[in-house]
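Colleague:
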């Protein structure tokens, strides 16, 4: 899965809005939307900050592993949400 899709999925699992993420990153919601749509390249610094907001390691965002995410998420999220997001 692409980095921008991983970011979106974890944001949804955390129940954070794009507006919240944009506010935390000190950018506009439109700019944040472009990040999630893969239309804006991320600096390492911004990627690390997004990971910090989402409470995951940047490596997890970059190197998605569905099984690892599911195991990690079981203790942090409602499993029903995972089924909806992951299909």
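In my numbering, the protein residues as written are 1110 to 1196. Don't be surprised by glycine CBs; every beta carbon is placed ideally from N, CA and C.
Residue 1154 and residue 1160 - do their beta-carbons sit closer together than 8 Å?
Modeller: No. Outside cutoff.
Colleague: Quick one: grab the DSSP three-state call for residue 1196.
Modeller: Bear in mind that a pLDDT of 48 at residue 1196, under 50, signals an unreliable position, so the model cannot answer this.
Colleague: Which residues in the same chain as residue 1120 place their Cβ atom closer than 7 Å to its Cβ, once the five residues preceding and following it in sequence are excluded?
Modeller: Taken in chain order, the residues that qualify are 1130 and 1163.
Colleague: Along the chain, where does the alpha helix (DSSP H) that runs through residue 1129 open and close?
Modeller: Residues 1127-1134.
Colleague: What does the alpha-carbon distance come out to for the pair residue 1139 and residue 1127?
Modeller: Cα to Cα, residue 1139 sits roughly 9 Å from residue 1127.
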